[in-house]
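Here is the structure we will look at.
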DNA sequence: CTTTTCGAGTAAAACGAATTACTAATTCGA
DNA sequence: TCGAATTAGTAATTCGTTTTACTCGAAAAG
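Protein chains in written order, with this note's numbering: chain A, 2 to 330; chain B, 2 to 330.
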């Protein structure tokens, strides 16, 4: 900056004023032009560290994730966060901990040393977490996860509404016997979606038939077997709500194996909206989307609106899971 | 740091020496203990910006990607880069440009202002790129892409070897009539894999039959039609090499539709190793993996080994695409 | 004519560490 | 017993900016 000043024949202060467009300082247009010319001639570029040191603003947000980065399920959390950060002229510092506690700890230290202006702690799938206590040394928001006592702000998908939406979409298509192939490992999604399924049935005056609700591990292969069993009953369901798209893939196989057509004979609806599966299946799969992008975006926006020095109130933000209509129902 | 020094009854210099474990300075164990005690009592944490300003090391690498972050295809580039960066005590600054030129430009400025110690410019799929010229103001390496004149170092998958490996795997299983459903939009992968396919046939003394090589858009639906046509010939192939896993998904549908079995009647091999598809299909899909993780890792390692101030020689590093054996051949 | 007020800029003090060049006290070696 | 070496530490400078509190001359106001 001193070099630029010398070349432009002004003081370093003036260069700073020109670069930052400081309105309170009166600098003539002529001088501004000379300064900019000098800047370009020298190829000078401000040093963000010096600037941050002085202004005490790092313009940086930290994102610590267990596996989000790896998993196609939730990469969009990062994208949403990154685009929102970008809009606020901030950069995103990303660390994937692969679930290792020590990495998590160190990553947190690193980010705090870099004076991040906000922290996001994200999980690959919606579940309870126990983050390190230092997390609260910067404004923090949990993404796709929550702490047991709900003492930290969190952004999570509204699983109940998602289950309701999926079921309702089938009911509206005239289905009365709707099977639900659920996940078997206990997790919020399992309970929430089941609850939504029940609420939708109740809302439309349909009976809840326990025989139509099955559980298995959430992969195509296991769901194939369950769907087959379900479809070989005399009073087979006319629609299947699958806990996720991978299971829907298995259900497709079962339906085709029995020579039935989708959606004419059996409708299928999934959950997750994994483009790779949902859009590639034939017919394309109607599904409910987990609002990953939206969660990332909202998280950053919450952090950005925060007055300096304060932390976010421990509100649990439930984000809706929208219906993605394709051709399977 | 001054506060810590005061509490410990030493100078700020001493605190710095203790914190950084400076061996050239002789500080008694007793004093060290007192300093650490003061640090913990005050909850002091070094300020990375001040440190970087003074040391002129940002401990940061930048990763600019077009869509990598979004796409399940290549997220692993980031993971590989991040883990390698982590191993070198560096952090990764990630920006996804969504292919927009202006975002790319600004992101680059931001990163240069933050004095990144290295830059990676990554693409979602292997193709030619024209990055902004400022890219070379820091050591840079292209990942999964290259420039026309090969004047920048790049890390790219060895498509030819990949095509060869896939074809060879089928030949070794005894297949003699091997179809290849290729991508139709011109790109390095298309030409490379075809070349590998031809080389493998030649190496094993098999004739190249143009009738067995078809092209279509790389999605399940179009590949379904092509596979069907291929399998309805009198002299149908006993194996199909698909340009990618999505197309293999379509081939599976076609084979099952015709009542044929995989791999007994027709073997299928894919490319990409998209866990979501390859592992969920039945039978699980044997495929060739694009070394995304490895590319990210190698890129960072190249940057890390670089002496300060120098830039990498414009070597094009071809990384092998390993065979992932499952049950479809 | 003074006094104010502008306009156009400048000097100097932070920001929070790392680092260099010292000092003062002790120990060692012959 | 005296100079050299070692031990234990400190003062002051520096990194590259932002920002506050000036200055200095000219025009406007009274």
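Idealized CB from N, CA, C, for every residue including glycine.
Keep in mind it's a predicted model, so treat the numbers as computed, not measured.
Helix, strand or coil at residue 277 (chain B) [DSSP, three-state]: Note: residue 277 (chain B) maps to helix in three-state DSSP.
As assigned by DSSP and simplified to three states, the class of residue 122 (chain B): Strand.
Any C-beta of chain A under 7 Å from that of residue 76 (chain B): Yes - at least one Cβ of chain A is within 7 Å of the one on residue 76 (chain B).
Residue 195 (chain B) - containing alpha helix (DSSP H), residue span: Per DSSP, residue 195 (chain B) belongs to the alpha helix (DSSP H) from 189-204.
7 Å Cβ cutoff, residue 184 (chain B) in contact with chain A: Chain A places no beta carbon closer than 7 Å to that of residue 184 (chain B), leaving this residue out of the contacts.
8 Å CB neighbourhood of residue 284 (chain B) in its chain, flanking five on each side removed: When the five nearest sequence neighbours on each side are left out, the beta carbons in the same chain lying within less than 8 Å of the beta carbon of residue 284 (chain B) are those of 263, 264, 327, 328, 329, in order along the chain.
Buried or exposed by the 16-neighbour rule on C-beta atoms within 10 Å, applied to residue 30 (chain A): An exposed status is given to residue 30 (chain A), since fewer than 16 other beta-carbon atoms sit within 10 Å of its beta-carbon.
Own chain residues within Cβ distance below 6 Å of residue 156 (chain B), not counting five before or after: Within the same chain, residue 156 (chain B) has close Cβ partners 144, 296, 299, 300, 318.
Proximity test, Cβ basis, 7 Å: residue 17 (chain A) and chain B: Residue 17 (chain A) does not count as touching chain B.
Backbone CA spacing between residue 49 (chain A) and residue 115 (chain B) [nearest angstrom]: In this model, residue 49 (chain A) and residue 115 (chain B) are separated by some 5 Å (Cα to Cα).
is_contact[residue 101 (chain B), chain A] using C-beta, thresh 7 Å: Not flagged as an interface residue toward chain A: residue 101 (chain B), since no C-beta distance is shorter than 7 Å.
C-alpha gap between residue 288 (chain A) and residue 244 (chain A), whole angstroms: Whole-angstrom Cα-Cα distance: 10 Å.
Given 8 Å, three or more beta-carbon pairs between the region 81-89 of chain B and the region 75-84 of chain A: Under the 8 Å Cβ criterion, the region 81-89 of chain B does not count as touching the region 75-84 of chain A, having fewer than three qualifying pairs.
Any chain A beta carbon closer than 7 Å to residue 83 (chain B): At least one C-beta of chain A is nearer than 7 Å to the C-beta of residue 83 (chain B).
Cut-off 7 Å between Cβ atoms - residues of its own chain near residue 255 (chain B), not counting five sequence neighbours on either side: Excluding positions up to five away in sequence, the list reads 225, 228, 229, 232.
Whole-angstrom distance between residue 235 (chain B) and residue 210 (chain B), CA atom to CA atom: The alpha-carbon of residue 210 (chain B) is positioned some 15 Å away from that of residue 235 (chain B).
Listed by chain order, chain B residues near residue 97 (chain A) by CB distance under 9 Å: The contacting residues are 79, 80, 83, 84, 87.
Own chain residues within Cβ distance below 6 Å of residue 249 (chain A), not counting five before or after: Here the set comprises 243, 269, 271, 286.
Beta-carbon gap between residue 109 (chain B) and residue 62 (chain B) smaller than 7 Å: Here residue 109 (chain B) is not near residue 62 (chain B), since their CB atoms are 7 Å or more apart.
Supposed contact pair residue 66 (chain A) and residue 118 (chain A) - C-beta distance, whole angstroms, cut 8 Å: Not confirmed; about 18 Å, so no contact.
Neighbouring residues, chain B, relative to residue 244 (chain A) (Cβ below 7 Å): Against residue 244 (chain A), chain B offers no close residue; the least beta-carbon distance is about 14 Å (beta-carbon pairs closer than 7 Å).
Other residues of its chain near residue 171 (chain B): CB distance less than 7 Å, five sequence neighbours each side excluded: In the same chain as residue 171 (chain B), and ignoring 5 residues on each side of it, the C-beta atoms closer than 7 Å to its own belong to 179, 240, 242, 268, 270, 330, in chain order.
Proximal residues to residue 259 (chain B) (C-beta, below 7 Å), its chain only, five neighbours per side dropped: Closer than 7 Å at Cβ, skipping near neighbours: 232.
Neighbouring residues, chain B, relative to residue 225 (chain A) (Cβ below 9 Å): Chain B residues near residue 225 (chain A): 283.
Member of A:146, A:168, A:151 whose CA lies at the smallest distance from the CA of residue 158 (chain A): Nearest in C-alpha terms to residue 158 (chain A), of all of A:146, A:168, A:151, is A:146.
Exposure label - residue 77 (chain A); buried when at least 16 CB within 10 Å: By the neighbour-count rule (16 or more Cβ atoms within 10 Å), residue 77 (chain A) is buried.
Identified DSSP bridge partners for residue 216 (chain B): Note: residue 216 (chain B) sits in a beta bridge opposite B:183.
Residue 290 (chain A) - partner residues in DSSP beta bridges: A:273.
Members of the region 102-128 of chain A that neighbour chain B once the beta carbon cut-off is set at 9 Å: Listed by position along the chain: 104, 107, 108, 110, 111, 112, 113, 114, 115, 116.
Members of the region 256-280 of chain A that neighbour chain B once the beta carbon cut-off is set at 9 Å: Going along the region 256-280 of chain A in chain order, one finds 257, 258, 275, 276, 277, 278, 280 with a Cβ nearer than 9 Å to chain B.
Through-space distance from residue 36 (chain B) to residue 2 (chain B), alpha-carbon basis: Cα to Cα, the separation comes out at about 10 Å.
Per-residue contacts from residue 222 (chain A) into chain B (C-beta, under 7 Å): Within chain B, the residues 283 have their CB atoms less than 7 Å from the CB of residue 222 (chain A), given in chain order.
Contact under 7 Å by Cβ, residue 127 (chain B) with residue 190 (chain B): Contact flag set, yes.
For residue 64 (chain B), the nearest candidate out of B:52, B:111, B:251 (CA to CA): Taking only the C-alpha atoms, the option nearest residue 64 (chain B) is B:111.
Cross-chain neighbours of residue 296 (chain A) in chain B, by beta carbon under 7 Å: What residue 296 (chain A) touches in chain B: nothing, since even the nearest Cβ is about 15 Å away.
Under 7 Å between C-beta atoms of residue 218 (chain A) and residue 75 (chain A): Taking 7 Å as the cut-off, the beta carbon of residue 218 (chain A) is found no closer than this to the beta carbon of residue 75 (chain A).
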